[in-house]
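Line order of the protein sequences matches chains A and B.
Position 461, counted from 1, in the first sequence is what the UniProt record's numbering calls 461; the numbers after and before it change by one each time, with no gaps.
Position 86, counted from 1, in the second sequence is what the UniProt record's numbering calls 86; the numbers after and before it change by one each time, with no gaps.
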Amino acid sequence: MTAHAIELKGISKAFGPVQANRNISMSVAKGTIHGIVGENGAGKSTLMSILYGFYKADRGEIWIDGKLTPIPDSQAAIRAGIGMVHQHFKLVENFTVVENVILGAEDGALLRPSIAKARRLLTELSEEYGLKVDPDAMIEDLSVGHQQRVEILKQLYRHADILILDEPTGVLTPAEADQLFRILERLKEEGKTIILITHKLREIMEITDTVSVMRRGEMTNTVKTADTSPAELAEMMVGRKVLLEVDKAPATPGDVVLKVDKLRVVRGGVERLKGVSLEIRRGEILGIAGVAGNGQTELLQVLGGMIPAQGGTVTLHNEPLDVTGKHSNGQTRRARGIGHVPEDRQTEGLIMAYEAWENVAFGYHQDPKYNTGLLMNNAAIKDDCADKMARYDVRPPNPRLPARNFSGGNQQKIVVAREMDRAPDLLLVGQPTRGVDIGAIEFIHKQIIALRDQGKAILLVSVELDEIMGLSDRIAVMFDGRIMGERLPSETNENELGLLMAGVTQGAA
Amino acid sequence: MDFLTIVQILDSTVRLATPLLLACLAGLWSERAGIFDIGLEGKMLAAAFFSAAIAFTTGSVWLGLFAGIVASVFLSGLHGVASITFRGNQLISGVAINFLAAGLTVVIAQTWFQQGGRTPQLATESRFGNIVLPGAETRIRDIAQQGPLGQVYSELISGHSILVYVALLMVPLTWFLLYRTRFGLRLRAVGENPAAVDTAGVSVVGLRYAAVVICGVLCGLAGAYLATALNAGFVKDMSAGRGFIALAALIFAKWRPWYALSACLLFGLFDAIGNRYQNIQLGEFIVPVQFMQALPYILVVIVLAGLVGKAIPPRAGGEPYVKER
Chain A
1 MTAHAIELKG
11 ISKAFGPVQA
21 NRNISMSVAK
31 GTIHGIVGEN
41 GAGKSTLMSI
51 LYGFYKADRG
61 EIWIDGKLTP
71 IPDSQAAIRA
81 GIGMVHQHFK
91 LVENFTVVEN
101 VILGAEDGAL
111 LRPSIAKARR
121 LLTELSEEYG
131 LKVDPDAMIE
141 DLSVGHQQRV
151 EILKQLYRHA
161 DILILDEPTG
171 VLTPAEADQL
181 FRILERLKEE
191 GKTIILITHK
201 LREIMEITDT
211 VSVMRRGEMT
221 NTVKTADTSP
231 AELAEMMVGR
241 KVLLEVDKAP
251 ATPGDVVLKV
261 DKLRVVRGGV
271 ERLKGVSLEI
281 RRGEILGIAG
291 VAGNGQTELL
301 QVLGGMIPAQ
311 GGTVTLHNEP
321 LDVTGKHSNG
331 QTRRARGIGH
341 VPEDRQTEGL
351 IMAYEAWENV
361 AFGYHQDPKY
371 NTGLLMNNAA
381 IKDDCADKMA
391 RYDVRPPNPR
401 LPARNFSGGN
411 QQKIVVAREM
421 DRAPDLLLVG
431 QPTRGVDIGA
441 IEFIHKQIIA
451 LRDQGKAILL
461 VSVELDEIMG
471 LSDRIAVMFD
481 GRIMGERLPS
491 ETNENELGLL
501 MAGVTQGAA
Chain B
1 MDFLTIVQIL
11 DSTVRLATPL
21 LLACLAGLWS
31 ERAGIFDIGL
41 EGKMLAAAFF
51 SAAIAFTTGS
61 VWLGLFAGIV
71 ASVFLSGLHG
81 VASITFRGNQ
91 LISGVAINFL
101 AAGLTVVIAQ
111 TWFQQGGRTP
121 QLATESRFGN
131 IVLPGAETRI
141 RDIAQQGPLG
151 QVYSELISGH
161 SILVYVALLM
171 VPLTWFLLYR
181 TRFGLRLRAV
191 GENPAAVDTA
201 GVSVVGLRYA
211 AVVICGVLCG
221 LAGAYLATAL
231 NAGFVKDMSA
241 GRGFIALAAL
251 IFAKWRPWYA
261 LSACLLFGLF
271 DAIGNRYQNI
281 QLGEFIVPVQ
291 FMQALPYILV
301 VIVLAGLVGK
311 AIPPRAGGEP
321 YVKER
């Protein structure tokens, strides 16, 4: 038996009173792909940061290739042959590919020889692993998928034998993710060891050889991927049985609630929406699929009254809805019965420094039940908040806690409680489960379905294709400010949607 | 306007552009590394005072220059500690340095020399003299006798202080270091995306301090030039907003060394024209002298109003680097 590429022995790390990693031991065989799954805050990132020298473990040992290897800083990690591809790429946008690759690993004081050597090596590496990138392209001109290749090339250039990838597919289209997996398999064949951190169980099943599950700072299980199932992994992550598939009855759509006609939005001189038209009926969830940045954000913001549109009309229950910005704002929208769970809860949904009860009142300050004549009735708001927290399972159920002290999932539940509890006729939901753990995802999905079953209309925007497929009654795909097409979930598949998301229509494919 | 007049205006342009150029390059180094520096003015002023004071007391202009650089680097270090180590607001730190320098120079000058907040006039030997290149004429009567080439050589190319030539040499040197060396690559990267540098195992803090020190040295040169070459001694507020004009030139130059040279020469030219032509007659109308002297500043306003096109500053500029997971 060959030595393990990585062996962690009893790693512990605490931040103040929070034990982020507790006595973690793990070993990864050379030339395998090892997955690490766990909910947010389970300690995956901390563990990998320790391995990459960003943090120093309080206790424990790191063994690389059978040798005890202390890793006090990133340089030591690089020397030990560990490379990390971060979730948010660490690239200099207005440098070329070659410049990014050599940064920090130059051969001498002058650049010219390093660049020449790197260009030669890049060509070799890109042929060897199928990582095609133009060495002289500017990073900002590359697609996200290609930028990720540069990150991988950067690590290979540093002779990394162990690659850590943190949530690598979050920003990729399904096609790009497939390409990435092929590259990873190729790397594995060449004897590289890969650690893949992800929350997408499908990816774990597809590509890894072994998988470790982390929960509350502990590594609870390590199993062979072939011997497990997504449902079992989810149960190990959460510590109880979880419904992965959304359970819902067929939709019974009624009258048209929202009608959007040829909506155009120009932001910063760029046309973000190029004539979007759609309809949503009572008792129906319309899912908008698409890679982030193709106009979904602007669509939600216009409908939510946050930004003006430059053209097109919107009607709600056949009554016009102002989109010019004159009478459109969050408050007038709420008065018309539109709830909005914005995409970015930390900047648009909550004020992080404010306490939960204050956040629960936002947008509904005029509500008589929150007011006593001239002054606000803070006690009533706090009571209402406590009541909502109980019903929406917000933990801890303390109205006096600032929003930032809640976990991502519980922050989202506060927003969801505020926007959904009044049962709006139309609910706009953006990325409802981004950065939310599996248990909370299940809860939020159930709430959305329940609202639909009350006969409300729901516009769901998400970059998670699984979520769109699971929740929607109809799916519209957005690309480059346009709706590429509409599909029924029962009559489509991820491949077809993936192509539409990349702007490929059936005829062209 | 005869040819010699044009050459003389250009000669004066070079003299007046030199402090701008040194300060502008100082700002370029600092801002390219992601540290905004509106304290150029204060550092120049401090360097001007200390170089004049030490040159006067010791009689050695070189010791004066050294003192000026030390003073400027000290203030730079202060800015560095505030904005790199303690991650403070870079604008506030810069403003503080400007106030500190404006006040301290006058107070110390008054205590040391009792001449109303100025240093005594520097004697010729405690100033940077003009270097006469081989074969160049020095007296204007002799230059006027020369042909055009000779006039350009004697009047424009020859006869500047050593600091003028140093400033001009700094342009290719800065370009080379920034774009052709490992140090430059890392320094530019740190101003664009420090996280990329950090994950590559290179010290962000080290690079930023290096940039701030280079900035201090160049500001020191600029201040010493003002007090010991362009003028003969320190007077209150003698930097006269040049640090801010240098910042405008830096934006105009889009943070590039060769463009910085052009921008500073342009500002210098307006200064020179303003000095030379106190009253220009345009038909019936006489352009007032105040307008001519205000020209460089008006140009600054136009530049800053963004009429020169889009200038994108280094992306991490002004942001303290906080390591994240």
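The beta carbon of each residue, even a glycine, is placed where N, CA and C say it ideally should be.
None of these values were measured; they are calculated from a predicted model.
Legend entry - Environment of P168 of chain A [buried if 16+ CB atoms lie within 10 Å]: buried
Inset, instruction - Note the first and the last residue of the continuous alpha helix (DSSP H) segment covering L459 of chain A. - result: No alpha helix (DSSP H) holds L459 of chain A; the beta strand (DSSP E) holding it covers A457 to V461.
Legend entry - the stretch 82 to 97 of chain A: positions lying closer than 9 Å to chain B by Cβ: M84, H86, H88, F89, K90, L91, V92, E93, N94 and F95
Inset, instruction - Please confirm if A109 of chain A has its CB atom under 7 Å from at least one CB of chain D. - result: The structure shown contains no chain D; the protein chains it does contain are A and B.
Inset, instruction - Could you tell me which chain B residues have their CB closer than 8 Å to the CB of S74 of chain A, listed as they occur along the chain? - result: D198, T199, A200 and G201
Inset, instruction - Quick one: residues in its chain with C-beta nearer than 8 Å to the C-beta of D107 of chain A, no 5 flanking neighbours on either side, listed in chain order? - result: P113, S114 and K117
Legend entry - Neighbour flag for M501 of chain A against chain B, beta carbons, 7 Å: no
Inset, instruction - Using a cut-off of 8 Å between C-beta atoms, extract the partners of R87 of chain B located in chain A. - result: Neighbours of R87 of chain B on chain A: none; closest Cβ ~18 Å, over 8 Å.
Legend entry - Backbone CA spacing between E494 of chain A and L465 of chain A [nearest angstrom]: 7 Å
Inset, instruction - For A195 of chain B, go through chain A and note every residue whose CB falls closer than 7 Å to its CB, in chain order. - result: K90
Legend entry - Cβ separation of G193 of chain A and T69 of chain A, assumed to be a contact under 8 Å, to the nearest whole Å: Correcting the residue type first, residue 193 of chain A is Thr in the shown sequence and not Gly. Actually they do not touch by this definition, with Cβ atoms about 14 Å apart.
Inset, instruction - For P288 of chain B, collect the residues of the same chain with a Cβ closer than 8 Å to its Cβ; drop the 5 residues on either side in sequence, then sort them by chain order. - result: N279
Inset, instruction - Starting from the beta carbon of E192 of chain B, find every residue of chain A whose beta carbon is closer than 8 Å, and list them in chain order. - result: V92, E93, N94 and F95
Inset, instruction - Let me know the secondary structure DSSP gives A509 of chain A once reduced to three states. - result: Residue placement at A509 of chain A cannot be trusted, given a pLDDT of 40 that sits under 50; what the coordinates show is reported in the next sentence. A509 of chain A: coil per DSSP, three-state reduction.
Inset, instruction - With a threshold of 16 other CB atoms inside 10 Å of the CB of P368 of chain A, please say whether the residue is buried or exposed. - result: exposed
Inset, instruction - Answer yes or no: does any C-beta atom of chain A fall closer than 7 Å to that of R182 of chain B? - result: yes
Legend entry - Straight-line gap, Q8 of chain B to P134 of chain B (C-alpha atoms, nearest Å): 19 Å
Legend entry - Burial state of P19 of chain B, where buried means 16 or more other Cβ atoms lie within 10 Å: buried
Inset, instruction - Check each candidate in A:H340, A:M484 and A:L258 and name the one with the smallest Cα separation from P320 of chain A. - result: A:L258
Inset, instruction - Pull out every residue of the stretch 287 to 309 of chain A whose Cβ sits closer than 7 Å to any Cβ of chain B, in chain order. - result: none
Inset, instruction - Could you tell me which uninterrupted alpha helix (DSSP H) segments, each at least 4 residues in length, are contained entirely in the stretch 59 to 124 of chain A, listed from first to last along the chain? - result: 74 to 79 and 97 to 102
Legend entry - At least 3 beta-carbon pairs within less than 8 Å: the stretch 30 to 43 of chain B vs the stretch 211 to 223 of chain B: yes
Inset, instruction - Following the continuous beta strand (DSSP E) through P320 of chain A, name the residue where it begins and the one where it ends. - result: E319 to L321
Inset, instruction - Can you have a look at V18 of chain A and say buried or exposed, based on whether 16 or more other CB atoms are within 10 angstroms of its CB? - result: exposed
Legend entry - For N329 of chain A, three-class secondary structure by DSSP: coil
Legend entry - Where R186 of chain B meets chain A, residues with beta-carbon distance less than 9 Å: L103, G104 and E106
Inset, instruction - Would you identify the three-state DSSP class for R276 of chain B, choosing helix, strand or coil? - result: helix
Legend entry - Limits of the beta strand (DSSP E) - the one that E279 of chain A falls within: V270 to R281
Inset, instruction - Indicate whether at least one CB of chain A lies closer than 7 Å to the CB of A189 of chain B. - result: yes
Legend entry - Interface partners of R216 of chain A on chain B, CB under 9 Å: None at all; the shortest Cβ gap to chain B is about 18 Å.
Inset, instruction - Compare the C-beta of G318 of chain B against all C-beta atoms of chain A and say whether one is closer than 7 Å. - result: no
Legend entry - Where the alpha helix (DSSP H) containing E140 of chain A begins and where it ends: Neither: E140 of chain A is in no alpha helix (DSSP H) and is coded neither H nor E.
Inset, instruction - Consult DSSP for H79 of chain B and reduce its assignment to one of helix, strand or coil. - result: helix
Legend entry - Inter-residue CB distance, A109 of chain B and F49 of chain B (contact presumed, cutoff 8 Å): 6 Å
Legend entry - Contact list for I78 of chain A against chain B, beta-carbon separation under 7 Å: G201
Legend entry - Rounded separation between S161 of chain B and F234 of chain B - CA only: 17 Å
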